[in-house]
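Be aware that the sequence shown starts at 15, since it is given in my numbering, and climbs by one per residue. Glycine included, C-beta positions come from ideal geometry on N, C-alpha and C. Shown next, in structure tokens, is the structure this report addresses.
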Amino acid sequence: MLSAVSIFLSVFQLINASPAIFSVYDDLLAFPKYEIVISETYISNTEASALLSQASPLTLPQSSKPSESTTSFSDQTDEPISSNSDSHVSYELIYFHQEPYLCKIPLLETPLRNETLEQETRTAERQELARATVRGWELLQELEDECLYFISGWWSYSFCHNSEVTQFHQLAPQPGIRGPPKRDPSTKQFVLGRATTQNNDRAISWKKGNRNAEMNTRNSAPRMELQAKGGTRYLVQRLEGGTICDLTGKPRKIEVQFHCSPTATDRIGYIKEVVTCSYLMAIYTPRLCDDVAFLPPKENKAHTITCHTVLPDKDLAKMVELQATGTQLGAESPEAETVEPPKIVGGIVLGAGKWINVDSERMPIPDDFSDEFSQQDDAIVEIIARAKSKTEGGQVEVATEADLKKLDLDPEMIETLRKEVQKLANEKGWKIEIIDAPGQTRKILGIVDGNDDDEEGTGEKNEDVSTKDEL
């Protein structure tokens with residue numbers, strides 16, 4: 015009797031602990047899990063030496079008791095460094111950034127291996143999974159005479175439990191009329207798979223009122239199996255005997271997966287064609303959640319390794335006093351609100367709520383922009399046009415067409431640039447320069463004289479409009 019109870023408890027823990035399911039994404043060497051927590055409390059050098067001198071084994075001796083490896087140590091971070099459970103911990107001194115830390119490592123018991131019990135547990139596990147498969151099928155019978163629909167672009171899909179899965183084009187929805195999508199009779203419908211049982215390989219038409227077919231199918235076991243992937247269990251039903259595929263010449267088939275979803279109603283999660291005329295459909299239903307075997311996996315909490323800063327005995331009391339004083343001051347004085355400085359990009363304050371239009375100021379030109387090439391010894395700077403301000407007479411001087419051609423410049427382009435610069439300068443003085451520097455692209459700069467008496471006081475000395483000569 016005791017052996018039967020032990021097997022039952024082992025199977026229940028196996029079914030209830032979903033993280034035990036193998037997954038290709040699991041790191042086999044990452045269990046048991048640990049996390050390191052740096053405590054805010056301190057420990058004296060004397061106490062740390064006393065704890066380290068204790069002979070704590072690295073591993074506990076094997077025990078016939080059930081493993082306590084699932085116990086969470088996350089709530090022990092605030093307990094004293096030494097406690098009554100020292101027989102289940104080990105202490106290690108580590109250095110981090112040249113600072114000593116005493117770490118308290120929990121020791122996990124290794125259960126005594128019992129091959130007979132393991133064999134009995136595996137047998138009981140297979141029986142439990144078979145029971146869960148049958149129980150899951152019974153829970154899904156609540157979907158009887160119901161159809162689920164899924165729309166994906168041009169195609170619509172219907173899943174009728176214990177009947178078939180179809181693919182069709184729906185009629186255009188009518189305004190004010192709600193309901194499932196209806197098939198367009200002028201288009202062709204494709205059956206992706208029909209339900210079959212082990213006792214009856216032909217499709218059974220499920221219609222309301224057909225009591226005999228209903229009773230026969232309830233008594234026959236379905237073609238359904240339980241699978242596990244990524245820490246979760248789900249039921250799989252494979253439907254075959256669909257419409258003949260034009261590309262393969264074989265009937266279409268589909269795999270339907272039933273997943274537990276506690277917060278959702280019955281719905282089709284997705285459907286996709288994995289290979290030509292072979293499909294996969296996932297259905298999320300809360301009905302399977304009534305069986306513990308299909309519940310989502312529980313979080314696997316890590317065991318906590320708590321580390322305390324080691325201080326000399328003479329500094330410990332002072333550090334504790336400073337920590338208490340800082341906590342008291344923090345409780346008495348409100349936290350100073352930190353005001354983030356405004357972000358300015360191109361002379362514009364981001365988030366200021368102001369409109370920037372064509373009449374707004376241009377970005378200030380750096381003072382050394384025009385001297386970028388002129389500071390080089392080999393740079394050649396020539397002025398091809400200039401004009402004085404209106405207060406100085408407004409006289410305009412422009413290089414002749416022959417001079418421009420000698421410089422390999424297009425006179426029409428220079429004339430267009432002159433008009434733009436003159437329009438931009440308004441009543442100010444301006445000039446157009448050509449800068450040739452070895453290894454650099456020749457540039458033509460239009461420079462407008464600055465106005466130090468600007469009302470907004472921007473302090474700009476000049477404003478440049480530059481263009482590149484592509485010739």
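Annotated three-state conformation of T290 is coil, per DSSP. Bridge pairing for L162: F173 [DSSP].
If you draw a straight line from the Cα of E139 to the Cα of I119, it comes to about 34 angstroms. Taking 8 angstroms as the upper bound for CB-CB distance, L302 and L153 are in contact here, some 6 angstroms apart. Judged by DSSP secondary structure, V103 falls within the beta strand (DSSP E) whose first and last residues are 103-110. Judged by DSSP secondary structure, E434 falls outside any beta strand (DSSP E) and instead within the alpha helix (DSSP H) spanning 425-439. For S58, the uninterrupted beta strand (DSSP E) run begins and ends at 48-58, by DSSP. Runs of the alpha helix (DSSP H) spanning 4 or more residues and lying entirely within the region 257-315 do not occur at all. In the structure shown, E239 falls within a strand segment according to DSSP collapsed to helix, strand and coil.
Distance check between Q241 and each of D198, G150, L206 places G150 closest, using alpha-carbon atoms only.
E142 is the residue among K315, G464, E142 whose C-alpha sits nearest the C-alpha of D305. Look at E178 here: in three-state DSSP terms it is strand.
Residue burial is scored here from C-beta neighbours: Y293 has at least 16 other C-beta atoms within 10 angstroms and is therefore classed as buried.
Put simply, of G407, A393, G167, A62 the residue whose alpha carbon is nearest the alpha carbon of P452 is A393.
Secondary structure at Q184: strand, using DSSP grouped into helix, strand and coil. Proximity to T430 across A399, K442, G408 peaks at A399, based on C-alpha coordinates. Taking 8 angstroms as the cut-off, the Cβ atoms of E49 and A366 do not count as close. Closest in alpha carbon position to C291, among K420, T414, V205, L423, is V205. Secondary structure at K357: coil, using DSSP grouped into helix, strand and coil. For a cut-off of 8 angstroms, the C-beta gap from V462 to A439 is around 5 angstroms, short enough to register as a contact. Within its own chain, the residues whose Cβ lies closer than 8 angstroms to the Cβ of P356, once the five positions on either side in sequence are excluded, are V363, L364, G365, A366, listed in chain order. Secondary structure note for A399: its beta strand (DSSP E) is the uninterrupted segment 394-401.
The Cβ-Cβ distance between H273 and A307 does not fall below 8 angstroms.
As DSSP reads the structure, Q251 sits in a beta bridge with M238, V270. In the displayed model, W151 falls within a helix according to three-state DSSP. In chain order, Y293 place their CB closer than 7 angstroms to the CB of E287, counting only its own chain and leaving out the 5 sequence neighbours on each side. DSSP, reduced to helix, strand and coil, places R208 within a strand of the structure shown. D450: member of the beta strand (DSSP E) spanning 444-450, first to last residue. DSSP, read as helix, strand or coil, puts T201 in coil. CA-CA distance, P187 to E156, rounds to 29 angstroms. Relative to the Cα of A278, the nearest Cα in the group E269, Y298, I285, C259 belongs to Y298. In terms of Cβ geometry, T323 and Y109 do not form a close pair [threshold 8 angstroms]. Residue burial is scored here from C-beta neighbours: H175 has at least 16 other C-beta atoms within 10 angstroms and is therefore classed as buried.
Sequence-distant partners of E239 (beyond 5 residues in either direction) whose C-beta falls short of 7 angstroms from its own C-beta, in its chain, are T147, V250. Under DSSP, the beta-bridge partners assigned to E113 are F110.
Taking the Cα positions, S170 is about 12 angstroms away from I282.
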